[in-house]
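Residue numbers (our numbering): 26 to 387.
Even glycine gets a Cβ: it sits at the ideal position worked out from N, Cα and C.
Heads up, the thing below is written out as structure tokens.
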């Protein structure tokens, strides 16, 4: 069986360093916001080419705190892609604002810049982009729109650690929100997240918000949260951050095999020199997606769907998103299939997947 993911195999090469980090953590006696969180924040900020990184409990909290820190007027509008994972939209709602959905570009699956301006109103305060599957959005066009309309940019970078647009990394264009969920290219051994930014004052606000709204113990300046990056997860992330470029290079090499060997009956990810893709997910699209998924499972290849239900069609959004006419998003959700492309997969694994897929007859 070619598994879609196996986190033990992914992390096995790091076990010895993890154990050393754990022993040091336990013996330190300092278990909340200690030296490992501080060190990881510094090193990840350097990796992302930004001044500040603030570790938080998970990727959803990173998004919520990022929105909250701007202190927008209640019920402000925030533009967001219609085909994102629901966490992006939950963050807008939980922060007390209204998500305004914009269709993606079918070629990239990311928000279509040409459709953004038509959705901007006097209430619009930000564009929340999502670098889906490990491909950066067209941040040139989006940054220009944001500047023209005086809008903030919040980047959902959960699937795109190290992805680039024209040589600039995601998280450099606005406020970067990262998830280190275990399946991510840079994955912790539990939940973890971070917010990155250039502005020192904004970073101070995030640091207070994550810690009950407090910068000085027992003195609370904001209505805050308890959303601190765990010290032990920071220690594990410090280990893996050293290997992130290697992990990315491996996944890019596997993606090249798919791109070269898969039949053109499958719609493959677009490749363009302006984009450095990190392939958190390698998806294809095909009309008979469910039949292909079952065929692959019958031939001992496991796959996933990211995602089977568009956010506007979720029961939780019934009274929040009243518009439902998003045909491009619906088409993506109905036809996308995610293929194995993990750090533990070998080139032979991917060649085998290609061979099996190419033998599928519709």
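Can you give the Cα-Cα distance for residue i and residue j, rounded to whole angstroms?
{"i": "residue 381", "j": "residue 321", "result": "7 Å"}
{"i": "residue 138", "j": "residue 105", "result": "11 Å"}
{"i": "residue 277", "j": "residue 364", "result": "13 Å"}
{"i": "residue 265", "j": "residue 326", "result": "27 Å"}
{"i": "residue 166", "j": "residue 179", "result": "15 Å"}
{"i": "residue 388", "j": "residue 130", "result": "Past the boundaries of the shown model lies residue 388; the chain is included only from 26 to 387, so the question cannot be answered."}
{"i": "residue 288", "j": "residue 225", "result": "49 Å"}
{"i": "residue 102", "j": "residue 117", "result": "9 Å"}
{"i": "residue 229", "j": "residue 157", "result": "28 Å"}
{"i": "residue 37", "j": "residue 52", "result": "23 Å"}
{"i": "residue 148", "j": "residue 170", "result": "15 Å"}
{"i": "residue 27", "j": "residue 374", "result": "7 Å"}
{"i": "residue 173", "j": "residue 379", "result": "45 Å"}
{"i": "residue 286", "j": "residue 43", "result": "37 Å"}
{"i": "residue 290", "j": "residue 377", "result": "17 Å"}
{"i": "residue 207", "j": "residue 32", "result": "7 Å"}
{"i": "residue 200", "j": "residue 220", "result": "7 Å"}
{"i": "residue 41", "j": "residue 203", "result": "26 Å"}
{"i": "residue 46", "j": "residue 57", "result": "15 Å"}
{"i": "residue 90", "j": "residue 323", "result": "44 Å"}
{"i": "residue 263", "j": "residue 386", "result": "46 Å"}
{"i": "residue 292", "j": "residue 357", "result": "11 Å"}
{"i": "residue 50", "j": "residue 261", "result": "10 Å"}
{"i": "residue 384", "j": "residue 269", "result": "34 Å"}
{"i": "residue 159", "j": "residue 274", "result": "13 Å"}
{"i": "residue 120", "j": "residue 48", "result": "38 Å"}
Going by the DSSP bridge assignment, what does residue i pair with across the sheet?
{"i": "residue 180", "result": "154, 201"}
{"i": "residue 261", "result": "Answer is none; residue 261 lacks a bridge partner."}
{"i": "residue 218", "result": "81, 204"}
{"i": "residue 372", "result": "Paired residue(s): none; residue 372 is not in a bridge."}
{"i": "residue 255", "result": "57"}
{"i": "residue 363", "result": "308, 329"}
{"i": "residue 244", "result": "241"}
{"i": "residue 27", "result": "326"}
{"i": "residue 194", "result": "189"}
{"i": "residue 349", "result": "The partner list for residue 349 (beta bridge, DSSP) is empty, contrary to what the question assumes."}
{"i": "residue 149", "result": "102"}
{"i": "residue 236", "result": "251"}
Of the choices the options, whose alpha-carbon is the least far from that of residue i?
{"i": "residue 238", "options": "225, 253, 224", "result": "253"}
{"i": "residue 205", "options": "117, 213, 249", "result": "213"}
{"i": "residue 247", "options": "257, 235, 258", "result": "235"}
{"i": "residue 143", "options": "128, 134, 132, 133", "result": "128"}
{"i": "residue 84", "options": "297, 181, 376, 258", "result": "181"}
{"i": "residue 69", "options": "194, 368, 336", "result": "194"}
{"i": "residue 337", "options": "280, 258, 287, 108", "result": "108"}
{"i": "residue 251", "options": "67, 306, 233", "result": "233"}
{"i": "residue 112", "options": "154, 150, 198, 256", "result": "154"}
{"i": "residue 259", "options": "270, 241, 216, 272", "result": "216"}
{"i": "residue 331", "options": "296, 91, 306, 284", "result": "306"}
{"i": "residue 297", "options": "146, 132, 285", "result": "132"}
{"i": "residue 223", "options": "119, 110, 198, 32", "result": "198"}
{"i": "residue 55", "options": "323, 292, 255", "result": "255"}
{"i": "residue 351", "options": "366, 362, 335, 361", "result": "335"}
{"i": "residue 151", "options": "274, 134, 114, 192", "result": "114"}
{"i": "residue 34", "options": "387, 383, 371", "result": "371"}
{"i": "residue 186", "options": "210, 29, 90, 348", "result": "210"}
{"i": "residue 134", "options": "227, 308, 231, 190", "result": "308"}
{"i": "residue 294", "options": "218, 191, 161, 383", "result": "161"}
{"i": "residue 329", "options": "356, 348, 366, 353", "result": "366"}
{"i": "residue 184", "options": "218, 292, 141, 349", "result": "218"}
{"i": "residue 427", "options": "362, 88, 353, 368", "result": "Since the first and last residues shown for the chain are 26 and 387, residue 427 lies out of range."}
{"i": "residue 314", "options": "94, 190, 191, 360", "result": "360"}
{"i": "residue 271", "options": "29, 368, 88", "result": "368"}
Entirely enclosed alpha helix (DSSP H) segments - the segment 65-113, minimum 4 residues: Listed in chain order, the complete alpha helix (DSSP H) runs (minimum 4 residues) inside the segment 65-113 are 84-93.
Meets three-Cβ-pair contact criterion under 8 Å: the segment 115-131 and the segment 342-362: With the cut-off at 8 Å, the segment 115-131 and the segment 342-362 touch.
Segment contact, 8 Å Cβ cut-off, at least three pairs: the segment 298-310 with the segment 68-80: No: fewer than three Cβ pairs fall under 8 Å.
Minimum length 3: unbroken beta strand (DSSP E) runs contained in the segment 263-335: Listed in chain order, the complete beta strand (DSSP E) runs (minimum 3 residues) inside the segment 263-335 are 307-310.
Any beta strand (DSSP E) of 3 or more consecutive residues that is wholly inside the segment 118-146: Whole beta strand (DSSP E) segments, 3+ residues: 123-127.
Meets three-Cβ-pair contact criterion under 8 Å: the segment 270-285 and the segment 55-62: By the criterion of at least three beta-carbon pairs nearer than 8 Å, the segment 270-285 is not in contact with the segment 55-62.
Three or more C-beta pairs below 8 Å linking the segment 95-102 and the segment 153-171: At 8 Å Cβ cutoff, the stretches do not touch.
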